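Peer 1: Here's a structure for you.
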Amino acid sequence: MIVLGLSGAVNHDASAALYIDGKLVAAAEEERFLRDKHAKGKMPYEATKFCLEQAGIRPDQIDIVAFPYAEIGLKSPARWHYAKRHWYAPDRALTALFSGNRRYWRNHRNVMKLLDDLGIGAKRVKFVPVEHHLAHASSAYHLSGFKEKTAIIGIDGKGEYATTFFGYGENGKIHKIKEFYDPDSLGGVYGALTEYLGFEMLDGEFKVMGMAPYGDPKRFDFSRLIDYKNGDFKVNTKLVNVVGTRRYKKNGKGYFFSPELIEWLGPMREGDEKDEPYIDYAASIQDLLEKTALKLIDFYLGDIIKETGKIAYAGGVALNVKLNQRIIAMPGVKELFVQPAASDAGTAIGAASYASQLAGVPVEKMEHVYLGPAYTTEQCIEACEQYEQPVKWERMNNVTAETAKILADGNPVSWFQGHMEFGPRALGNRSILGSPSHSGVADRINAQIKYRERWRPFCPSMLDTVAPEILQTDHPSPYMTFTFDVAESWKSRIPEVVHEDGTARAQIVTQATNPRYYSLLQEMEKLTGNGVVLNTSLNRRGEPMVCSPTDALNMFFGSDLQYLVMEDILITK
4 MIVLGLSGAV NHDASAALYI DGKLVAAAEE ERFLRDKHAK GKMPYEATKF
54 CLEQAGIRPD QIDIVAFPYA EIGLKSPARW HYAKRHWYAP DRALTALFSG
104 NRRYWRNHRN VMKLLDDLGI GAKRVKFVPV EHHLAHASSA YHLSGFKEKT
154 AIIGIDGKGE YATTFFGYGE NGKIHKIKEF YDPDSLGGVY GALTEYLGFE
204 MLDGEFKVMG MAPYGDPKRF DFSRLIDYKN GDFKVNTKLV NVVGTRRYKK
254 NGKGYFFSPE LIEWLGPMRE GDEKDEPYID YAASIQDLLE KTALKLIDFY
304 LGDIIKETGK IAYAGGVALN VKLNQRIIAM PGVKELFVQP AASDAGTAIG
354 AASYASQLAG VPVEKMEHVY LGPAYTTEQC IEACEQYEQP VKWERMNNVT
404 AETAKILADG NPVSWFQGHM EFGPRALGNR SILGSPSHSG VADRINAQIK
454 YRERWRPFCP SMLDTVAPEI LQTDHPSPYM TFTFDVAESW KSRIPEVVHE
504 DGTARAQIVT QATNPRYYSL LQEMEKLTGN GVVLNTSLNR RGEPMVCSPT
554 DALNMFFGSD LQYLVMEDIL ITK
């Protein structure tokens, strides 16, 4: 049975994923092909074409198409809650009641057009709409590999109407316990403060999280933003998550916070510096998110966590690695699985996995996210020969040993290998690498290569043989979805990947999932004594991660990078 999952339901992060008989064989985000970050307003045409090509199947062989957006009936509390809470914007309230599925039908038309345009056949194929948060839940639970009763968390901005999901999985089935509805959204509050702090929603939340450790959460009390009582919470829509006339407007743009927030906190942050009081605001909103989420998780899932200790988690907020560290530290937690493409891009996998399970074909545990396009050495050479300017390249005799030597000498290297990663994290196939023991390499990558804020932290990729010593835990971390406290003895050995608060967002690399990257780490251990590299995504500020050899060359010649390793060749300036 062949199931195609498509995302792009909420106007961003379009992607496609393909299951064949329960095995995830391909997945990719549309942004990587279009070179347009988040691919706003797009449907996953190129991603779908890739999935079909990767699997070697024809469009008319697809049995089911799943989409992470469903109709929400008028009897559901979701639409009534939305209308009641948006009483101050009557047009929005009435639309929710009398035309509450308009976005679903717009999505439906767009999907049907894609299916016909690509030869899949809208009338031929079975179409399965999946509630947005059930898609998130499935992407976490069904891919976790957990056999025990599993607590399931879904927290994001919003889907159809739901913003927050608590439930459990047992014997392959997902059960809802509690949902919260827009505008009561933890992700929405964090997103509104992201805008206030001068970053873009969907992209800047990572930056707020990275800025937070520089500030003091006790300087400002942000509790007025969220009213939490006995398992229930309400967002203060006089300040954040606002619509209509309540929005603060500047230069013709409306924001998801009100003028009252400006009166309280002062003008929006501008520029790239980590300045006061904004670092304290970042610390305060991070603290509020953590405290509220942990209370909700304990209230709705505490008994299940105590019973089995297993949690599966997805949704945009699941990429908040600081919160995830706090969840792992909760009493009774044995293992937390965060679906690595936890944002809306991952709902393509979630919708497809849910539909496959529904059709009686269980899906396999996720073992890796190297699910995108790959290129041979010959294709990389061809891209060099056809590039718009002369490219100096040579074949390498021992790729990992020679690359490790360049890194150990203190040079950043762009590293282009194998299948592109699915999700926002570079995990050793589309990466910029550095030696974490060389002082200043992080600043150099930020300023001269990525062209981003100098205070942004970097992550370590490390051998599975040294990870327990560095991170002081045996908890799995293959996807950079958690931070851990770095052992004191290692902080001075790898200072370039230890954040301000003494933590690191680590990727633990195994030989089975990425043998060439593992070999590189082994070579680094021989040369430096540390089986660790600094790893960041191969892209410049505001751009998607590179996909093709030509993308990598554009990045190389558009920055101060001096070394690019593509498969078996080394490119230098």
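Last residue of the sequence shown: 576 (our numbering), numbering continuous. Glycine included, each C-beta is placed from N, C-alpha and C at the ideal position. Please read all numbers here as calculations on a predicted model, not as lab measurements.
(1) Using only alpha-carbon positions, find the residue among Y378, Y107, G335, R428 that is nearest to F53.
(2) Go ahead and label I180 buried or exposed: buried means 16 or more other beta carbons lie within 10 angstroms of its beta carbon, across all protein chains shown.
(3) For Y390 and L556, which I take to be in contact (beta-carbon distance under 8 Å), what is that distance rounded to the nearest angstrom?
(4) Within the continuous beta strand (DSSP E) that includes N323, where are the two ends?
(5) Along the beta strand (DSSP E) that carries G191, what are the first and last residues, could you check?
(6) Using only alpha-carbon positions, find the residue among K253, R447, S261, A19 that is nearest to L242.
(7) Tell me which residues share the same chain as K40 and place their Cβ nearer than 8 Å to its Cβ, disregarding the 5 neighbours each side in the sequence.
(8) Are the CB atoms of L466 and L530 within a distance shorter than 7 Å?
(9) Closest by CA to P220, which one among R250, E173, S287?
(10) Taking DSSP as the reference, what is the three-state secondary structure of R543?
(11) In angstroms with no decimal places, state the Cα-to-Cα distance between P62 and I265.
(12) Among G201, Y193, G335, M4, which one has its Cα closest to the Cα of K129?
(13) Once the 5 residues before and after Y520 are set aside, which same chain residues still bring their CB inside 6 Å of it?
(14) Using 7 Å as the threshold, is the C-beta distance between L326 and I435 below it?
(15) Using the Cβ count rule (16 or more neighbours within 10 Å means buried), how would you classify F419?
(16) Who are the near neighbours of A86 in its chain, counting only those whose CB is closer than 6 Å to its CB and skipping five residues on each side?
(17) Rounded to whole angstroms, what's the CA-CA distance from E182 to V211? Just pull it up for me.
(18) For H178, does the three-state DSSP call read helix, strand or coil?
(19) Quick one: what's D488 bridged to in DSSP?
(20) Whole angstroms is fine: what's the gap from Q127's alpha carbon to L7's?
(21) By the 10 Å Cβ neighbour count, where 16 or more other Cβ atoms means buried, how is P216 classified, buried or exposed?
(22) With distances taken from CA atoms, which of T311, G194, L137 is nearest Q360?
(23) I need the boundaries of the alpha helix (DSSP H) containing A2, first residue and last residue.
Peer 2: On the basis of the coordinates in this document:
(1) Reading the sequence shown from its first residue, position 50 is the one you call residue 53. Nearest option by C-alpha distance: Y378.
(2) Position 177 of the sequence shown holds residue 180. That one is exposed.
(3) Reading the sequence shown from its first residue, position 387 is the one you call residue 390. Reading the sequence shown from its first residue, position 553 is the one you call residue 556. The pair is a contact, with the Cβ atoms about 5 Å apart (cut-off 8 Å).
(4) The residue given as residue 323 occupies position 320 in the sequence shown. Element bounds for N323: n/a, residue is neither H nor E.
(5) Mapped onto the sequence shown, residue 191 falls at position 188. Element bounds for G191: not the beta strand (DSSP E) but the alpha helix (DSSP H), 189 to 199.
(6) Taking the sequence shown and counting its residues from 1, the one referred to as residue 242 is at position 239. Residue S261 is the option with its Cα nearest to L242.
(7) For the purposes of this step, residue 40 is taken as the residue at position 37 of the sequence shown. So the list reads E34, D206, G545, E546, P547, once near-sequence residues are dropped.
(8) Within the sequence shown, numbered from 1, the residue matching residue 530 stands at position 527. Within the sequence shown, numbered from 1, the residue matching residue 466 stands at position 463. Going by C-beta atoms, L530 is not nearer than 7 Å to L466.
(9) Here residue 220 refers to the residue found at position 217 when the sequence shown is read from its first residue. Looking at the Cα atoms, S287 is the closest of the given residues.
(10) On the sequence shown, residue 543 is found 540 positions in, with the first residue counted as 1. Residue state, collapsed to three classes: coil.
(11) Counted from its first residue, the sequence shown places residue 62 at position 59. Counted from its first residue, the sequence shown places residue 265 at position 262. Taking the straight line joining both Cα atoms gives about 52 Å.
(12) Residue 129 sits at position 126 when you count from the first residue of the sequence shown. The shortest C-alpha separation from K129 is found at M4.
(13) Counted from its first residue, the sequence shown places residue 520 at position 517. G431, V512, listed in sequence order.
(14) Translated into the one-based positions of the sequence shown, residue 326 becomes position 323. Translated into the one-based positions of the sequence shown, residue 435 becomes position 432. Not in contact: L326 and I435 (Cβ atoms no closer than 7 Å).
(15) Residue 419 sits at position 416 when you count from the first residue of the sequence shown. With 16 or more other Cβ atoms within 10 Å, it is buried.
(16) Taking the sequence shown and counting its residues from 1, the one referred to as residue 86 is at position 83. Taken in chain order, the residues that qualify are A96, A99, L100.
(17) Reading the sequence shown from its first residue, position 179 is the one you call residue 182. Reading the sequence shown from its first residue, position 208 is the one you call residue 211. Using only the alpha carbons, I get a separation of about 26 Å.
(18) Within the sequence shown, the letter at position 175 stands for residue 178. H178 falls in the strand class under three-state DSSP.
(19) Within the sequence shown, numbered from 1, the residue matching residue 488 stands at position 485. DSSP output for D488 lists T506 as bridge partner(s).
(20) Along the sequence shown, read from residue 1 onward, the residue named residue 127 stands at position 124. Along the sequence shown, read from residue 1 onward, the residue named residue 7 stands at position 4. The sequence as given places Arg at residue 127; Gln does not occur at that position. Each residue's Cα considered, the two are about 14 Å apart.
(21) Here residue 216 is taken as the residue at index 213 of the sequence shown, counted from 1. By the 10 Å Cβ count, P216 comes out buried.
(22) The residue given as residue 360 occupies position 357 in the sequence shown. Cα-wise, what sits closest to Q360 is L137.
(23) There is no way to answer for residue 2, as the model of the chain reaches only from 4 to 576.
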